[in-house]
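Residue numbers (the UniProt record's numbering): 1 to 350.
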């Protein structure tokens, strides 16, 4: 059984590339590459990585993707997401364009402002800004977009190599088409609308940063619809179609071993929230979490078919726990590809 309108659902996965095993950070990176190759072999459309600074997770996604681009041939490589408050947009533009050219145009560059309540902890490293947290992040996103588009980022104040004084300075290399593969990770209807106005693609995932009292998927489906309207109203639809992806934690159990492997994560995840995803205790901002779908594959399929977002989105992204070995995560991706996604309108790419 597929989707009501017959559209093919794209399938991706999102991983932390966590440095938690005995092999150290190098082995964690190699395991991450192995997981990307495994997903490509299964027919997944995209591989996404989380970006975390000052934590034992992947912090340099472009370096990782440069390696991944050379051991894969088809699968898209995406970030979910890069917190732009702490990035040099011109250097990121150079790195992203290089990776896109190496991969043959497979980079999907997912961005966000970052988490504003953490500014107090990280400004000591990255500095403060008179623009404020969101203002500075949006400024850097705009600089990044213009640089990737090949627009001048400044004029030379003096002769620079073959560029005369007053000549345009652009970022090199230029990767044609990459500017149309910029995403923003939104958590509210307001940020979804802004994403559409900017002409970016839209990522929604396992938390909403607004609380309306409605079910999680109802709010998120409205975010996607508002995004598409804003995208069209801003005139971007005449240039290309908007794309959306939605993340869900999906852990099919095919044996008692699967339940054992994920028990600690599921208990920890659910202990911090009520049954409908509301956080227990104080939260620095309004938030609602999606529930983790685990257990019988048929029951997971039924839950996803009832998820209002699945009819709205172009792609489903399987969000892997930070915990878990390469072998455990390979089994998750295989189980989803074999027992879940084909019932949702997905067919393997290849």
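C-beta atoms are modelled at their ideal positions from N, C-alpha and C, and glycine is treated no differently.
Separation of residue j from residue i, as counted between CA atoms
| i | j | result |
| --- | --- | --- |
| residue 200 | residue 170 | 21 angstroms |
| residue 6 | residue 77 | 26 angstroms |
| residue 350 | residue 32 | 21 angstroms |
| residue 216 | residue 210 | 10 angstroms |
| residue 250 | residue 116 | 28 angstroms |
| residue 302 | residue 248 | 14 angstroms |
| residue 159 | residue 141 | 28 angstroms |
| residue 90 | residue 11 | 31 angstroms |
| residue 189 | residue 235 | 19 angstroms |
| residue 87 | residue 172 | 18 angstroms |
| residue 45 | residue 271 | 33 angstroms |
| residue 319 | residue 50 | 10 angstroms |
| residue 214 | residue 229 | 21 angstroms |
| residue 184 | residue 23 | 33 angstroms |
| residue 176 | residue 106 | 11 angstroms |
| residue 157 | residue 197 | 33 angstroms |
| residue 101 | residue 174 | 9 angstroms |
Whole-angstrom C-beta distance between residue j and residue i, which should lie under 8 angstroms
| i | j | result |
| --- | --- | --- |
| residue 252 | residue 192 | Not quite, the Cβ-Cβ distance comes to about 29 angstroms (not below 8 angstroms), so this is no contact. |
| residue 244 | residue 227 | 7 angstroms |
| residue 42 | residue 337 | 4 angstroms |
| residue 144 | residue 186 | Rounded, the Cβ-Cβ distance is 17 angstroms, inconsistent with contact. |
| residue 263 | residue 207 | Not really, about 22 angstroms apart at Cβ, beyond 8 angstroms. |
| residue 265 | residue 321 | 4 angstroms |
Proximity below 9 angstroms, CB of residue i to CB of residue j
| i | j | result |
| --- | --- | --- |
| residue 202 | residue 111 | no |
| residue 221 | residue 308 | yes |
| residue 54 | residue 109 | no |
| residue 333 | residue 39 | yes |
| residue 28 | residue 47 | no |
| residue 9 | residue 346 | yes |
| residue 114 | residue 96 | no |
| residue 204 | residue 313 | yes |
| residue 61 | residue 25 | no |
| residue 329 | residue 63 | no |
In DSSP terms, what residue i is bridged to
| i | result |
| --- | --- |
| residue 183 | 110 and 201 |
| residue 347 | Note: residue 347 sits in no beta bridge, so no partner. |
| residue 265 | Beta-bridge pairing links residue 265 to no other residue. |
| residue 10 | 315 |
| residue 251 | 294 |
| residue 86 | Answer is none; residue 86 lacks a bridge partner. |
| residue 163 | 160 |
| residue 289 | 207 |
| residue 273 | 279 |
| residue 351 | This structure does not reach residue 351, given that the chain is present from 1 up to 350, and the question cannot be answered. |
| residue 169 | 154 |
| residue 245 | 203 and 315 |
For residue i, the nearest candidate out of the options (CA to CA)
| i | options | result |
| --- | --- | --- |
| residue 59 | 132, 81 and 101 | 81 |
| residue 178 | 157, 146, 159 and 197 | 146 |
| residue 104 | 260, 225, 214 and 72 | 72 |
| residue 293 | 304, 188, 325 and 119 | 304 |
| residue 311 | 218, 260, 196 and 299 | 218 |
| residue 133 | 119, 124, 126 and 125 | 119 |
| residue 339 | 322, 238, 296 and 321 | 296 |
| residue 323 | 278, 260 and 348 | 260 |
| residue 99 | 162, 30, 66 and 164 | 66 |
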